[in-house]
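Just so we're aligned, residue 1 is where the sequence shown starts under UniProt numbering, counting upward by one.
Idealized CB from N, CA, C, for every residue including glycine.
If you're wondering where the values come from, they're calculated on a predicted model, not measured in any experiment.
A quick write-up on the structure given underneath.
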Amino acid sequence: GTRLNFTIDNGKIHNVSLGQGQEVVAEQAMEVAAAEGHWVILQNIHLVARWLDSLEKLVEQHSQGSHPEYRLFMSAEPAPTPESHIIPQGLLDNSIKITSEPPTGMCANLHGALDLFSQETLEQCSKDTEFRCILFALCYFHAAVAERRRFGTQGWNRSYPFNNGDLTVSVNVLQNYLEANPKVPWDDLRYLFGEIMYGGHITDDWDRRLCRTYLSEYVRAEMLDGEVALAPGFMIPPRLDYQAYHEYIDDNLPGESPHLYGLHPNAEMGFLTVTSERLFRTVLELQPKESEAAGGTGTSREEQASQSVLDEILGQLPEAFNMEELMAKAKEKTPYTVVALQECERMNILTHEIRRSLKELDLGLQGELTITSEMEDLSNALFYDSVPESWTRYAYPSLLSLATWYADLLLRIRELEVWTTDFVLPAAVWLAGFFNPQSFLTAIMQSTARKKQWPLDKMCLAVEVTKKTREEITFPPREGSYVHGLFMEGARWDIPSGSIADARMKELTPEMPVILLRAIPVDRMDTINIYECPVYKTRTRGPTYVWTFNLKTKEKAAKWVLAGVALLLET
1 GTRLNFTIDN GKIHNVSLGQ GQEVVAEQAM EVAAAEGHWV ILQNIHLVAR
51 WLDSLEKLVE QHSQGSHPEY RLFMSAEPAP TPESHIIPQG LLDNSIKITS
101 EPPTGMCANL HGALDLFSQE TLEQCSKDTE FRCILFALCY FHAAVAERRR
151 FGTQGWNRSY PFNNGDLTVS VNVLQNYLEA NPKVPWDDLR YLFGEIMYGG
201 HITDDWDRRL CRTYLSEYVR AEMLDGEVAL APGFMIPPRL DYQAYHEYID
251 DNLPGESPHL YGLHPNAEMG FLTVTSERLF RTVLELQPKE SEAAGGTGTS
301 REEQASQSVL DEILGQLPEA FNMEELMAKA KEKTPYTVVA LQECERMNIL
351 THEIRRSLKE LDLGLQGELT ITSEMEDLSN ALFYDSVPES WTRYAYPSLL
401 SLATWYADLL LRIRELEVWT TDFVLPAAVW LAGFFNPQSF LTAIMQSTAR
451 KKQWPLDKMC LAVEVTKKTR EEITFPPREG SYVHGLFMEG ARWDIPSGSI
501 ADARMKELTP EMPVILLRAI PVDRMDTINI YECPVYKTRT RGPTYVWTFN
551 LKTKEKAAKW VLAGVALLLE T
């Protein structure tokens, strides 16, 4: 634009950032530009979904009889899923499309981050060495947080739109703070970068902790003496010129691997496995639905498969729990008894829905009922071995396929049957077997609080990882409860040393030994050599958070934070 004498200053470029109430401004700008041969830039058109049809008509209208120098530029964010595409077909067909692909890999990202600056930037600050050191660390931090997204939930619990603006504004703030203070205000800088510039995007507390940890590892006083490694074998460079920094990256940055982000190589395997599973499932779902009537019976292959799965599930589904009988049996309403009864009620709601929907589908497949869209969805789910949506509504979070999910459901029912025969707490409780594991963990605290007359809000859970397996536990503990069925992602539990250790290659989620949970007053909590480990129901992490277990570690807790170490109830 500048080269052709089109600038915002001389009024030949109309720049409109779309949002609430900006549609009228955009329409006026297009009208003026079409008549006088100006350029119009419409930013973020995905934010005004309802106006896009009007925009399409306006574009068509101005495409004829307008000034030959009139141009229209539009920008939009890519839709996260195919279903959420909202840009009209006409706009896409008539435009020249340019995509801005972010670079992949640490090397490309780090060069890309440095490219936002120049030799002039490096010479702007009077505290020359400090400014260059911290600027390089910020570029590495920016590249790490952006590229970490590709490791799925082990990278970040949620996906965040970190962008180049975060980095350039952080560097401006850095320069201002260095100029205004006689000493480098390390804590202030880390707070501004981690809680405001980058932290402003972050909505999950665990992700916020990860962001803070990155900065406490990369931006600290020791970096000025060249003692800080940004990755294994990659030290912060000495004071260099702009071009020399690019050369330093090419010469010294280790080859691309999860180690560059503080993750274990297993993180990549897990992420690639999930991606390929998703690809194969999509390919399976793209197959033609209807096949020739199988053997002349008039029913399709899908219907036959659904019928056999349906019969198998209904044949194995146990009877519902008799709640009146259980209530009468549970004379003393202890916190544990209340949890057991609540779980039975929830299980009844789920099994009732499974039985109802399958019987309805059975009648539909036999021609006694009209097939509804709900029945069709259920039939498709049975055919593709996925859990029907109408069931997940009443179930617990799970990523399992239907066959494994149903086997797991039967195990959960069996656990509840054993527990409710006499309401005596099992020797070791299967924590993953609950709809609501938090209720059981709270019950441990409640029963101790009642027994010892302690205030519940001043208590917490003490976590002691035993050296025993589920089979070796025969009696419940005197206080608290043994729990089993937890898996560690990102690291493993080392039984001999009784602490967290590096994961072994290709062991993505090793099982934890039995854990003893006891309730203790908050002030007796161990806080030295501890890693606060989040517990999640599934690999989705984020919304499936359950509790925080304090686990012993002989290494710095920061290592496990960067490695995304968590405990999972289902793998």
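- The region 560 to 567 makes contact with the region 485 to 494; the number of CB pairs closer than 8 angstroms reaches 3 or more.
- Burial of Arg541 is indicated by the presence of at least 16 other C-beta atoms within 10 angstroms of its C-beta.
- Using a Cβ-Cβ distance cut-off of 8 angstroms, the region 325 to 334 and the region 357 to 371 are not in contact, since fewer than three pairs of beta carbons, one from each stretch, lie closer than that value.
- In the DSSP assignment, Trp560 falls within the unbroken alpha helix (DSSP H) covering 557 to 562.
- Taking the Cα positions, Ile413 is about 8 angstroms away from Met347.
- Here Met505 is exposed, its C-beta having fewer than 16 other C-beta atoms within 10 Å.
- With a 10 Å radius around the Cβ and a threshold of 16 neighbouring Cβ atoms, Ala143 comes out buried.
- Secondary structure note for Thr548: its beta strand (DSSP E) is the uninterrupted segment 545 to 552.
- Val40 and Leu122 have their alpha carbons spaced roughly 35 angstroms apart.
- Annotation: Pro476 is outside any alpha helix (DSSP H) and is labelled neither H nor E by DSSP.
- Secondary structure note for His14: its beta strand (DSSP E) is the uninterrupted segment 13 to 17.
- Taking a C-beta distance under 8 angstroms as the contact criterion, Glu256 and Gly155 do not qualify as a contact pair.
- Contact check for Trp206 against Asn157 passes: the beta carbons are separated by less than 8 angstroms.
- Residue range 530 to 536 is occupied by the beta strand (DSSP E) that includes Pro534, with no alpha helix (DSSP H) assigned at that position.
- Setting aside the 5 residues that flank it on each side, Met525 is surrounded in the same chain by Cys460, Ala462, Asn550, each with a C-beta closer than 8 angstroms to its C-beta; the list follows chain order.
- From the listed residues Ser398, Ala428, Ala443, the smallest Cα separation to Val465 is found for Ala428.
- In this structure, Val522 keeps its C-beta atom at 8 angstroms or more from the C-beta atom of Lys451.
- The secondary-structure analysis by DSSP pairs Tyr261 with nothing; it has no beta-bridge partner.
- As far as DSSP is concerned, Cys211 takes part in no beta bridge.
- Gln43 carries a strand assignment under DSSP once its states are collapsed to helix, strand and coil.
- The Cβ-Cβ distance between Leu58 and Glu23 does not fall below 8 angstroms.
- Membership of Cys133 in the alpha helix (DSSP H) is indicated by the continuous run 128 to 147.
- Rounded to whole angstroms, the separation of the alpha carbons of Pro437 and Tyr536 is 10 angstroms.
- Distances from the alpha-carbon of Ser379 to those of Leu411, Leu310, Glu415 put Leu310 closest.
- Note that the C-beta distance between Glu345 and Ser390 is not below 8 angstroms.
- Three or more Cβ pairs closer than 8 angstroms define a contact, and the region 79 to 87 falls short of that threshold against the region 127 to 136.
- Here the region 102 to 121 makes contact with the region 241 to 254; the two share three or more CB pairs at distances below 8 angstroms.
- Inside the region 389 to 455, DSSP marks whole alpha helix (DSSP H) runs of 4 or more residues at positions 389 to 392, 402 to 422, 437 to 452, from first to last along the chain.
- Between the alpha carbons of Asp188 and His111 lies a distance of about 27 angstroms.
- Of all alpha-carbon atoms in Glu360, Phe435, Leu425, the one lying nearest the alpha-carbon of Pro397 is that of Phe435.
- C-alpha of Glu147 to C-alpha of Glu507: approximately 23 angstroms in a straight line.
- In the DSSP assignment, Arg281 falls within the unbroken alpha helix (DSSP H) covering 266 to 285.
- Within the DSSP secondary-structure output, Ile249 pairs in no beta bridge.
- Counting other Cβ atoms within 10 Å of its Cβ, Leu284 stays below 16 and is therefore classed as exposed.
- Bounds of any alpha helix (DSSP H) do not take in Ile371, whose DSSP letter is neither H nor E.
- If you ignore the 5 residues before and after Ala432, its C-beta comes within less than 8 angstroms of the C-beta of Gly485, Leu486, Lys537, Leu569, Glu570, all in its own chain and listed in chain order.
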